[in-house]
Every structure is written in structure tokens, then in C-alpha cells.
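**Student:** The structure is given below, and queries will be raised subsequently.
2 protein chains.
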Amino acid sequence: MKTEIISIGDEILIGQTVNTNATWMGQELAKIGIKNNRTTTISDSESEILEALKLGESRSDLILITGGLGPTKDDITKKVLCDYFNTELELNQEVLTDIQAYFKLRNKPFLESNNLQAMLPKACTVLRNHVGTASGMWFERNGKVFVSMPGVPYEMKHLMETGVFPKVKEQFGINELAHRTVLTHGLGESFLAEIIEDWENRVRAEGLDMAYLPSPGLVKLRITNTEGNQQIVDKYCEELYPLIPEYIFGEGIITMQETLANLLKERNATISLAESCTGGFASHLLTAIPGSSSFYEGSIICYSYDIKEKELNVPKDLLLKKGAVSEEVVEILSEEIRKKYNTNYSIAISGIAGPTGGTDDKPVGTVWISARSKNKVVSKKFSFGNNRERNISQSALASFNLLRKLILEE
Amino acid sequence: MKTEIISIGDEILIGQTVNTNATWMGQELAKIGIKNNRTTTISDSESEILEALKLGESRSDLILITGGLGPTKDDITKKVLCDYFNTELELNQEVLTDIQAYFKLRNKPFLESNNLQAMLPKACTVLRNHVGTASGMWFERNGKVFVSMPGVPYEMKHLMETGVFPKVKEQFGINELAHRTVLTHGLGESFLAEIIEDWENRVRAEGLDMAYLPSPGLVKLRITNTEGNQQIVDKYCEELYPLIPEYIFGEGIITMQETLANLLKERNATISLAESCTGGFASHLLTAIPGSSSFYEGSIICYSYDIKEKELNVPKDLLLKKGAVSEEVVEILSEEIRKKYNTNYSIAISGIAGPTGGTDDKPVGTVWISARSKNKVVSKKFSFGNNRERNISQSALASFNLLRKLILEE
Numbered sequence: 001m002k003t004e005i006i007s008i009g010d011e012i013l014i015g016q017t018v019n020t021n022a023t024w025m026g027q028e029l030a031k032i033g034i035k036n037n038r039t040t041t042i043s044d045s046e047s048e049i050l051e052a053l054k055l056g057e058s059r060s061d062l063i064l065i066t067g068g069l070g071p072t073k074d075d076i077t078k079k080v081l082c083d084y085f086n087t088e089l090e091l092n093q094e095v096l097t098d099i100q101a102y103f104k105l106r107n108k109p110f111l112e113s114n115n116l117q118a119m120l121p122k123a124c125t126v127l128r129n130h131v132g133t134a135s136g137m138w139f140e141r142n143g144k145v146f147v148s149m150p151g152v153p154y155e156m157k158h159l160m161e162t163g164v165f166p167k168v169k170e171q172f173g174i175n176e177l178a179h180r181t182v183l184t185h186g187l188g189e190s191f192l193a194e195i196i197e198d199w200e201n202r203v204r205a206e207g208l209d210m211a212y213l214p215s216p217g218l219v220k221l222r223i224t225n226t227e228g229n230q231q232i233v234d235k236y237c238e239e240l241y242p243l244i245p246e247y248i249f250g251e252g253i254i255t256m257q258e259t260l261a262n263l264l265k266e267r268n269a270t271i272s273l274a275e276s277c278t279g280g281f282a283s284h285l286l287t288a289i290p291g292s293s294s295f296y297e298g299s300i301i302c303y304s305y306d307i308k309e310k311e312l313n314v315p316k317d318l319l320l321k322k323g324a325v326s327e328e329v330v331e332i333l334s335e336e337i338r339k340k341y342n343t344n345y346s347i348a349i350s351g352i353a354g355p356t357g358g359t360d361d362k363p364v365g366t367v368w369i370s371a372r373s374k375n376k377v378v379s380k381k382f383s384f385g386n387n388r389e390r391n392i393s394q395s396a397l398a399s400f401n402l403l404r405k406l407i408l409e410e
Numbered sequence: 411m412k413t414e415i416i417s418i419g420d421e422i423l424i425g426q427t428v429n430t431n432a433t434w435m436g437q438e439l440a441k442i443g444i445k446n447n448r449t450t451t452i453s454d455s456e457s458e459i460l461e462a463l464k465l466g467e468s469r470s471d472l473i474l475i476t477g478g479l480g481p482t483k484d485d486i487t488k489k490v491l492c493d494y495f496n497t498e499l500e501l502n503q504e505v506l507t508d509i510q511a512y513f514k515l516r517n518k519p520f521l522e523s524n525n526l527q528a529m530l531p532k533a534c535t536v537l538r539n540h541v542g543t544a545s546g547m548w549f550e551r552n553g554k555v556f557v558s559m560p561g562v563p564y565e566m567k568h569l570m571e572t573g574v575f576p577k578v579k580e581q582f583g584i585n586e587l588a589h590r591t592v593l594t595h596g597l598g599e600s601f602l603a604e605i606i607e608d609w610e611n612r613v614r615a616e617g618l619d620m621a622y623l624p625s626p627g628l629v630k631l632r633i634t635n636t637e638g639n640q641q642i643v644d645k646y647c648e649e650l651y652p653l654i655p656e657y658i659f660g661e662g663i664i665t666m667q668e669t670l671a672n673l674l675k676e677r678n679a680t681i682s683l684a685e686s687c688t689g690g691f692a693s694h695l696l697t698a699i700p701g702s703s704s705f706y707e708g709s710i711i712c713y714s715y716d717i718k719e720k721e722l723n724v725p726k727d728l729l730l731k732k733g734a735v736s737e738e739v740v741e742i743l744s745e746e747i748r749k750k751y752n753t754n755y756s757i758a759i760s761g762i763a764g765p766t767g768g769t770d771d772k773p774v775g776t777v778w779i780s781a782r783s784k785n786k787v788v789s790k791k792f793s794f795g796n797n798r799e800r801n802i803s804q805s806a807l808a809s810f811n812l813l814r815k816l817i818l819e820e
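Residue numbers (this note's numbering), protein chains in the order written: chain Z, 1 to 410; chain S, 411 to 820.
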């Protein structure tokens with residue numbers, strides 16, 4: 001089965017938008033065993049879209065199209081699809097009701113142009129969009145499937161998950177793959193590969209697929225059997241655990257912060273944070289989890305010396321002598337925030353995110369993290385690198401992992 | 411002049427790597443007035459590469475190719491290019507010297523396979539790579555130019571900047587494009603379109619390109635003249651401002667938080683935040699800006715009632731009577747945090763991010779925001795929607811915009 005993606009939009013071609021849609025779709029397709037063979041990005045131009053549809057039909061079985069479905073004049077995908085499939089637009093009453101409800105919920109006036117979003121090609125199966133106004137459109141011709149979706153990432157993802165994947169699995173008789181994804185933190189890809197080399201060779205010799213999926217701070221190890229043999233996948237996963245026990249924090253699609261949140265919830269425990277260099281990002285990751293108020297109380301973002309001193313009782317002479325990025329300071333911060341906000345656990349993070357502020361002694365990327373319960377504290381120094389964004393995100397993940405281990409050891 | 415990009419690599423197709431190369435190339439091409447008409451991503455497969463080269467030659471004048479130039483077996487681009495251009499590899503002594511020096515400088519052992527990197531097609535002009543081992547290759551045939559570059563982003567950028575752009579400008583006698591991108595916040599695409607409909611019609615009648623580029627909370631309006639007439643672009647941009655003065659916050663590639671940060675820096679002013687439903691995300695956006703310590707002091711993330719009450723002096727009976735999501739509460743929060751952290755300005759955000767916690771009175775997506783200076787306060791209620799992630803991000807952007815306007819009005 002051949003699959004391709006057509007991304008429509010000048011904003012991608014001229015680099016104002018990164019084509020993360022194609023990345024996500026490629027990943028998700030791979031998870032159900034479908035390889036994306038090609039991604040083509042083209043203009044919102046009638047002739048370009050028509051040509052891409054023709055080429056797509058000539059070489060692929062499944063053509064996934066994103067973009068060009070907005071209500072404005074430069075969005076022409078729907079019109080071109082009508083021409084291509086020799087069909088015309090008709091009012092879809094259910095979609096119109098959805099759209100009116102969508103605007104009502106948001107207290108926004110309903111404009112005439114929004115009606116156009118309910119005009120859909122007769123020849124397609126409509127995939128309802130509950131998070132926006134542009135419907136998905138599923139066309140079939142000679143066994144080939146075309147799906148058109150909006151380019152807004154969360155709308156596209158919603159449509160893929162609720163409409164496209166279920167229909168694709170049915171239509172193309174997709175075998176369920178047997179797979180597990182083991183999540184590791186704290187070791188780079190090449191170091192990990194060295195430790196598990198023998199195991200990996202045996203996994204591959206068995207005919208299983210094995211992939212390293214790195215993202216900042218994490219490496220996911222995905223083991224797949226395309227014939228659906230879950231037992232063999234389980235066997236090798238179980239052999240993997242004792243090889244790298246201290247680096248595995250979970251499996252599947254759970255994040256590090258969700259792992260920590262689950263530990264806290266299981267214990268009816270609460271957490272507070274004192275963040276310096278991460279500037280709120282660690283708290284954000286925890287509070288992005290729905291229902292976080294059951295375990296998260298609050299944080300102080302103590303960016304300045306003043307706030308560290310006045311709000312969290314770090315002695316000024318200690319700040320001057322040891323610097324804000326020091327074991328002594330993060331241990332005071334974690335202790336003070338835990339007491340002040342009256343929580344079971346706390347985290348404190350202080351580091352040099354960069355690009356400036358580094359010294360010979362403490363170069364950019366140096367971060368001290370302290371994790372604490374009532375009776376125990378663990379503090380650790382990290383050296384991440386010279387990219388500000390990565391230093392912030394890796395510090396947050398490392399802090400969660402430090403507290404996760406502390407909780408498990410208690 | 412027609413231009414296209416061919417990106418070679420399975421890792422992009424299956425979503426392990428985001429195609430940021432194409433994004434960067436599209437941006438940089440646009441800056442010198444060349445529009446990228448198409449980006450095609452394909453496998454490291456001989457037939458796919460040959461087909462893409464043929465199609466590229468048939469429709470484009472400039473074909474920029476990245477990827478597949480490494481020293482390993484799955485890198486076949488160079489071989490396929492030799493076939494396509496009917497040429498063969500020969501040892502390039504200067505490149506070999508470069509590569510040997512490259513390894514010596516980095517104290518890395520020189521492997522036999524690295525010699526292969528100095529074997530280059532006879533028919534091409536070699537573009538020397540001083541930051542890696544894969545050379546750029548410039549081919550010409552019937553006035554059409556093909557350039558092959560490695561996929562490692564900093565190597566590709568180095569080759570584009572030092573080799574490709576100078577030769578392209580010369581070869582194609584490039585005109586600069588005229589364009590401006592006006593950034594708006596607070597109105598959806600269709601509402602904006604309705605207000606500026608007449609203006610948009612005139613822009614298009616004039617032959618200018620005009621595009622809406624939406625992202626959560628923002629809509630960018632890009633106006634372009636492909637013949638480089640900046641005056642005509644400026645004329646229409648100036649006519650746009652009075653039509654939507656309250657929605658425009660900047661131009662170009664600046665973000666809302668950078669706009670606010672610049673206003674603060676210009677005034678030597680500082681900011682603090684009291685965040686409830688945004689859980690640290692607004693502070694994160696501000697502290698993600700390098701050098702943020704010059705204007706950002708700190709925040710309290712007052713997620714629980716307790717912290718609102720004990721740390722920010724919100725009376726318990728007010729919380730019980732009006733609820734945490736109320737004008738009264740956010741006004742106390744913005745006042746208390748500003749005084750406590752001794753800053754010129756402050757922001758307070760309290761809302762119902764969802765998915766739970768909504769009531770008939772205050773459905774999910776209801777957010778109160780207060781922005782404050784020493785002498786002035788503005789508070790506003792927003793109704794965003796039912797997506798937690800978007801409610802968090804839109805609340806942060808809306809809070810920055812509220813404070814931005816307050817500062818400008820002072």
C-alpha cells in the first residue's frame with residue numbers, strides 16, 4: 001500500500017510555517033504500519049493542486065491532503081477537489097449545526113462566510129470536525145482514497161484520530177502491529193545503543209523492527225512485530241528492563257510529567273516548585289495535565305536574586321558567595337517552597353540557560369536541581385549544553401525524573 | 411523563475427526528523443525574492459530520486475536537493491546524480507585535503523570510508539564544505555540548475571550561504587521581492603477578512619499577493635509584490651493600519667511576547683505575574699526570551715485557593731462568593747503581585763482551562779485577565795473554547811496584548 005501526503009500552503013513553502021503536520025502524520029502512520037512514501041508541499045494554486053492530485057492518484061493508494069480549507073479567498077482546496085472529482089458543493093445541515101454551536105459556545109457572532117464552511121462536495125464522505133469549522137472530506141475513486149483536512153495542526157490531528165485512522169484501517173485491512181515503546185531518560189542515543197548492543201542484535205535477528213526515537217531529554221525505544229506477534233515483543237521487552245533499569249521511566253505514550261503526576265495522585269500527595277532558570281516551564285508541563293489541581297498547589301518563579309532572598313529566604317551572602325546556581329541554594333529553595341506552600345514534595349531548579357551568563361566555572365547549561373520530600377532530599381548537578389530552549393526543557397524533565405526516583409525509593 | 415526543493419530521507423517521511431531544512435531554505439529564498447514553488451520529500455531510493463529529478467527538470471529552473479550524501483550504504487544520492495547526468499566519480503584532491511584536515515582538527519581517526527567523500531562527479535562544480543565532509547554539487551543542463559547538498563542542517567546552511575546563493579543570484583539575475591507581514595491578535599481569520607474585505611479586493615486588483623497565515627491566537631497578513639515594488643506594498647500596508655488599529659501588534663517575525671518584552675526594555679520597566687489557569691505558561695513564554703532577566707522579576711503560580719489567599723491576600727469570602735475566576739479576584743492578584751515583587755507592571759490570569767470545572771455561568775474557556783501599572787488597571791473577560799491547551803496558550807497571549815495596550819496608552 002502506497003501512501004503520500006500533500007501539504008498545501010504558501011506559508012510552508014516560504015518557511016513561515018514548519019511542516020510539523022507531515023512529521024506527525026508520518027509518525028502516526030508508521031505506528032499502524034503504514035509507511036509514508038512521499039510528502040509534497042505546494043502552493044494554494046489550482047493548477048498545482050490539480051497536478052498533485054493527478055500524480056498522487058497515479059502512484060499512491062492513500063493520499064492525505066492538508067491545508068487550504070479556511071473560509072477566506074486564498075483557500076481554494078475545496079473548489080479544486082470538486083473539479084477533480086466532478087462534483088459540486090451542497091449545504092450539509094449537520095455540519096452547519098455543528099458550526100453554529102461552535103460559534104455559540106465561544107460567544108462569537110456567526111458571519112455569513114462561516115456558512116461556506118458547511119458547503120461540502122456531494123461526492124465525499126464528510127468527517128466531522130468538533131474542534132474547528134473545516135470538515136474533513138473523504139473521497140474514493142477506483143479503490144484509491146483521498147482525504148482532505150484543514151492545516152491547523154490540532155484540527156488535523158483531531159480528524160486523523162477520530163475519522164481517518166479508523167476508516168483507513170477498515171478500508172485497507174490494516175493488520176494490528178504488535179509493538180511496545182519503552183521510554184528512557186538520561187542517556188543519549190549512542191550511549192544507550194552501546195549498552196544494549198547485544199540485545200538489539202538479537203531483536204533484529206528475530207526479525208523484529210527496532211527504532212530509537214530521540215526527543216530532547218528522552219529516547220524512546222520502539223519494538224515492533226509487523227505480523228502481530230505480541231508474545232515475542234513482550235519477551236524482548238522483558239529482557240530489556242534489567243539492562244537499563246535506571247533509565248526506563250515508563251512505556252507507551254505517557255510523558256515524564258504524567259508519570260510523576262500519577263505517582264503523586266496514587267499517594268494523594270501534592271507538589272510545589274521553585275523555578276529559576278526554567279522560568280515556569282516545569283510548572284507549565286505539570287499544569288498542562290488535565291486535573292492537575294489534585295496534586296499541584298503552586299510555584300514561585302524566583303528569577304531575580306531579590307525574590308530568592310525575600311520570598312524564599314536564601315541568605316544574600318550565600319547567593320553572593322556560592323551563586324544562585326549551587327547545591328546550597330537549590331536545597332534552600334526546595335525546602336522553603338515545600339514549607340511555604342505546605343506540600344508533600346517539592347522541586348527547585350536553578351541554572352544558566354544561556355546564551356549569556358556562563359563562566360569558566362559554571363558554563364552555560366550548568367543546572368542544579370533539588371527534589372525533596374518531608375524526610376529526604378536529593379540534589380544533582382547537570383550539564384546540558386548551550387541551547388537555551390533545550391536547557392529549559394531538559395532541566396524540567398530531569399527535575400521530574402529526580403523526584404520520581406526519590407518517591408519510588410521512599 | 412521556478413524553484414523547488416527535493417528533500418531525501420526516510421527519517422523525514424516517517425516523522426523522526428522535522429524538515430526544518432526546507433523551512434529555512436524557503437525563508438532564505440524568499441528574502442532574495444525567489445519563491446519556493448514546491449518541496450518534495452522522498453525516500454533514499456534510486457527510482458524515487460530519478461523520478462524526482464526528472465519531474466524537477468521538467469518544471470523548475472532551480473532544483474535544490476538535500477540529503478543522502480553521507481558515507482554509509484543507504485546514502486545513494488551521489489551515485490544517482492552520476493547516472494542522471496551521465497557522468498562518473500573522480501577523486502577531487504582539494505576536497506580530500508579538506509577532509510583530512512577536518513578530521514585532524516577534530517582529533518578523529520580518518521576511516522577509509524571518508525575517502526569516498528572526496529570522490530565527486532566530473533560533470534559538477536564542487537561547492538566546498540568547510541564544516542563537514544560532504545561537498546555541495548552544482549550541475550547545469552539547458553539553463554537549469556541542480557544543487558545537491560548534505561542534509562545536516564548546519565552543513566546545508568553553510569553551503570547555501572557560501573556557495574549556492576552567490577551563484578544563484580549571478581546566474582538568474584535576481585530581483586528582490588517586496589513584502590511586509592502585519593501581525594494581528596484578537597480576531598479570527600474570517601472576522602478579520604470581513605472587516606478588511608474592500609481593502610483586500612483592492613490589494614488583489616492591484617496584482618499584489620495577499621495571504622492570511624493563522625496560528626493559535628494570531629493571524630499574520632502577508633502582502634507581497636513579486637516585482638519588487640516596495641512602495642505599492644507600503645501604500646497598502648499604511649491603508650491597513652487605520653482599518654484594524656486595535657488588532658495589529660507588530661510586523662515581521664516578532665512574537666507577541668517579544669513585542670511586550672521590547673516595550674518593557676525600552677522603558678527599563680519590570681514585570682511580575684500571578685498565574686492561575688495558565689500554570690506558568692505565560693511566565694515561560696517571557697523567560698524563553700534570551701536576556702529576560704532584564705525585565706522579568708518573577709511570578710507566583712497561585713493554582714490553589716490557599717495560595718491565592720495566603721500569598722496574595724485574596725479574601726476567602728470573596729473567593730467563595732465571586733469564585734477565583736472573577737474580575738474582583740484578578741484585580742487583587744495583579745495588585746498584590748505587583749507590590750509584593752516590586753515591579754512596574756503586572757499581569758494576573760485566572761480561568762477555567764478545562765476539560766472539567768465549567769459551570770453554566772462560567773463555562774470551560776472563561777478566563778479573567780488583569781493587566782496593571784502603578785496607576786492603571788485594565789481587566790477583561792475572555793471566552794476561548796473547550797480545548798485546555800489552547801485556553802492556556804490563548805490566555806497567555808491575550809494577557810500580553812492587554813498589558814501591551816495599557817503600556818501604549820499610558
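Cβ atoms here follow ideal geometry from the backbone N, Cα and C, with glycine treated the same way.
Kindly indicate which three-state DSSP category Asn-811 (chain S) falls into: helix, strand or coil?
**Tutor:** In the second sequence, counting from the first residue as 1, residue 811 (chain S) sits at position 401. The answer is helix: DSSP assigns Asn-811 (chain S) an H, G or I state.
**Student:** Which one of Z:Trp-24, Z:Lys-339 and Z:Phe-384 has the shortest CA to CA distance from Glu-161 (chain Z)?
**Tutor:** Translated into positions along the first sequence, residue 161 (chain Z) becomes position 161. Checking every option, the nearest Cα to that of Glu-161 (chain Z) belongs to Z:Trp-24.
**Student:** Does the beta-carbon distance from Leu-743 (chain S) to Leu-722 (chain S) come in below 8 Å?
**Tutor:** Your numbering for residue 743 (chain S) matches position 333 in the second sequence. Your numbering for residue 722 (chain S) matches position 312 in the second sequence. Yes; because the gap between Cβ atoms is below 8 Å, this pair is in contact.
**Student:** In or out: Tyr-241 (chain Z) buried (at least 16 other Cβ within 10 Å) or exposed?
**Tutor:** Stepping through the first sequence from its first residue, residue 241 (chain Z) is reached at position 241. Around the beta carbon of Tyr-241 (chain Z), fewer than 16 other beta carbons lie within 10 angstroms, which makes this residue exposed.
**Student:** What is the residue span of the alpha helix (DSSP H) that Thr-259 (chain Z) lies within?
**Tutor:** Locating residue 259 (chain Z) in the first sequence gives position 259, counting from the first residue. 256–266 is the span of the alpha helix (DSSP H), which, as asked, contains Thr-259 (chain Z).
**Student:** Nearest chain S C-beta to Lys-422 (chain Z) closer than 8 Å, yes or no?
**Tutor:** For residue 422 (chain Z) there is no data in the structure shown, the boundaries of chain Z being 1 and 410.
**Student:** Fully enclosed by the segment 104–143 of chain Z, which alpha helix (DSSP H) runs are 4 residues long or longer?
**Tutor:** 112–115
**Student:** Determine, using beta-carbon pairs with one atom in the segment 513–521 of chain S and one in the segment 593–606 of chain S, whether at least three such pairs fall under 8 Å.
**Tutor:** no
**Student:** Quick check: the Cα distance between Val-325 (chain Z) and Gly-207 (chain Z), rounded to an integer number of angstroms?
**Tutor:** Against the first sequence, residue 325 (chain Z) aligns to sequence position 325. Against the first sequence, residue 207 (chain Z) aligns to sequence position 207. If you take the alpha carbons of Val-325 (chain Z) and Gly-207 (chain Z), they lie about 49 Å apart.
**Student:** Strictly under 8 Å for the Cβ-Cβ distance: is Ser-709 (chain S) near chain Z by that measure?
**Tutor:** For the purposes of this step, residue 709 (chain S) is taken as the residue at position 299 of the second sequence. For Ser-709 (chain S), the answer is yes, since a Cβ of chain Z falls inside 8 Å of its Cβ.
**Student:** Mind checking who Met-559 (chain S) pairs with in its DSSP beta bridge?
**Tutor:** Taking the second sequence and counting its residues from 1, the one referred to as residue 559 (chain S) is at position 149. BP columns for Met-559 (chain S) point to S:Thr-476.
**Student:** Excluding the 5 residues preceding and the 5 following Leu-602 (chain S) in the sequence, name in chain order all residues of the same chain whose CB lies nearer than 8 Å to its CB.
**Tutor:** Counting from one through the second sequence, the residue named residue 602 (chain S) turns up at place 192. Excluding sequence neighbours, Leu-602 (chain S) sits near Thr-594, Tyr-622, Val-629, Leu-631, Ile-654 and Tyr-657.
**Student:** My understanding is that Val-364 (chain Z) touches Ile-349 (chain Z), with C-beta atoms under 8 Å, so please give their C-beta distance in whole angstroms.
**Tutor:** Residue numbering aside, residue 364 (chain Z) sits at position 364 when the first sequence is read from its first letter. Residue numbering aside, residue 349 (chain Z) sits at position 349 when the first sequence is read from its first letter. Their Cβ separation, rounded to whole angstroms, is 15 Å, which puts Val-364 (chain Z) and Ile-349 (chain Z) out of contact at 8 Å.
**Student:** Going by alpha carbons, who is nearest to Ile-475 (chain S) out of S:Gly-436, S:Gln-640 and S:Lys-720?
**Tutor:** Translated into positions along the second sequence, residue 475 (chain S) becomes position 65. Out of S:Gly-436, S:Gln-640 and S:Lys-720, S:Gly-436 has the C-alpha closest to the C-alpha of Ile-475 (chain S).
**Student:** With three or more C-beta pairs closer than 8 Å as the rule, is the segment 802–814 of chain S touching the segment 659–666 of chain S?
**Tutor:** yes
**Student:** In the DSSP assignment, what are the bridge partners of Cys-712 (chain S)?
**Tutor:** Within the second sequence, the letter at position 302 stands for residue 712 (chain S). In DSSP, Cys-712 (chain S) forms a bridge with Z:Gly-298.
**Student:** Going by DSSP, what residue range makes up the beta strand (DSSP E) through Thr-697 (chain S)?
**Tutor:** The residue labelled residue 697 (chain S) in the question sits at position 287 within the second sequence. Not the beta strand (DSSP E): Thr-697 (chain S) falls in the alpha helix (DSSP H), residues 691–697.
**Student:** Whole angstroms are fine: how far does the CA of Ser-704 (chain S) sit from the CA of Tyr-296 (chain Z)?
**Tutor:** Residue 296 (chain Z) sits at position 296 when you count from the first residue of the first sequence. Residue 704 (chain S) sits at position 294 when you count from the first residue of the second sequence. Inter-residue distance for Tyr-296 (chain Z) and Ser-704 (chain S) is about 29 Å (C-alpha atoms, whole angstroms).
**Student:** Under a CB-based cut-off of 8 Å, is Leu-105 (chain Z) close to chain S?
**Tutor:** Looking up residue 105 (chain Z) in the first sequence gives position 105. So yes, Leu-105 (chain Z) belongs to the interface.
**Student:** Between Ala-261 (chain Z) and Ile-289 (chain Z), is the Cβ-Cβ spacing less than 8 Å?
**Tutor:** Taking the first sequence and counting its residues from 1, the one referred to as residue 261 (chain Z) is at position 261. Taking the first sequence and counting its residues from 1, the one referred to as residue 289 (chain Z) is at position 289. In this structure, Ile-289 (chain Z) lies closer than 8 Å to Ala-261 (chain Z) by Cβ.
**Student:** Could you name the residues of chain S that Ser-113 (chain Z) contacts, counting a contact when the two beta carbons are closer than 8 Å?
**Tutor:** Your numbering for residue 113 (chain Z) matches position 113 in the first sequence. Within chain S, the residues near Ser-113 (chain Z) are Ser-600, Ala-603 and Glu-604.
**Student:** Grab the span of the alpha helix (DSSP H) containing Ile-459 (chain S) for me, first residue to last.
**Tutor:** Here residue 459 (chain S) refers to the residue found at position 49 when the second sequence is read from its first residue. It spans 456–469 - the alpha helix (DSSP H) in which Ile-459 (chain S) sits, taken as one unbroken run.
**Student:** Would you list, in chain order, the members of the segment 564–593 of chain S that have their beta-carbon closer than 7 Å to a beta-carbon of chain Z?
**Tutor:** none
**Student:** Nearest chain S C-beta to Asn-19 (chain Z) closer than 8 Å, yes or no?
**Tutor:** The count along the first sequence starts at 1 and reaches residue 19 (chain Z) at position 19. Chain S, which has a Cβ nearer than 8 Å to the Cβ of Asn-19 (chain Z), makes this yes.
**Student:** In angstroms with no decimal places, state the Cα-to-Cα distance between Phe-549 (chain S) and Asn-86 (chain Z).
**Tutor:** Taking the first residue of the second sequence as 1, we reach residue 549 (chain S) at position 139. Taking the first residue of the first sequence as 1, we reach residue 86 (chain Z) at position 86. Using only the alpha carbons, I get a separation of about 42 Å.
**Student:** Got a sec, what are the start and stop residues for the beta strand (DSSP E) Val-629 (chain S) sits in?
**Tutor:** By one-based count along the second sequence, residue 629 (chain S) stands at place 219. Note, Val-629 (chain S): beta strand (DSSP E), 628–635.
**Student:** From the DSSP output, in three-state form, read off Pro-214 (chain Z) for me.
**Tutor:** Translated into the one-based positions of the first sequence, residue 214 (chain Z) becomes position 214. Note: Pro-214 (chain Z) maps to strand in three-state DSSP.
**Student:** Going along chain S, which residues have a C-beta under 7 Å from Pro-355 (chain Z)?
**Tutor:** If you number the first sequence from 1, residue 355 (chain Z) lands on position 355. Chain S residues near Pro-355 (chain Z): Pro-700.
**Student:** Can a CB atom of chain Z be found closer than 8 Å to the CB of Ala-671 (chain S)?
**Tutor:** Taking the second sequence and counting its residues from 1, one reaches residue 671 (chain S) at position 261. No, Ala-671 (chain S) lies away from the interface with chain Z (no Cβ there is under 8 Å from its Cβ).
**Student:** If you measure between the beta carbons of Ile-420 (chain Z) and Asn-446 (chain S), is that distance less than 8 Å?
**Tutor:** There is no way to answer for residue 420 (chain Z), as the model of chain Z reaches only from 1 to 410.
**Student:** For Ile-253 (chain Z), count the other beta carbons within 10 Å of its own beta carbon; 16 or more makes it buried, fewer makes it exposed. Which is it?
**Tutor:** Walking along the first sequence from the start, residue 253 (chain Z) turns up at place 253. With fewer than 16 Cβ atoms within 10 Å of its Cβ, Ile-253 (chain Z) is classed as exposed.
**Student:** Under a CB-based cut-off of 8 Å, is Asn-797 (chain S) close to chain Z?
**Tutor:** Translated into positions along the second sequence, residue 797 (chain S) becomes position 387. It does; some Cβ of chain Z falls within 8 Å.
**Student:** Could one say the Cβ of Ser-304 (chain Z) lies closer than 8 Å to chain S's Cβ atoms, at least one of them?
**Tutor:** Against the first sequence, residue 304 (chain Z) aligns to sequence position 304. At least one chain S Cβ lies under 8 Å of Ser-304 (chain Z).
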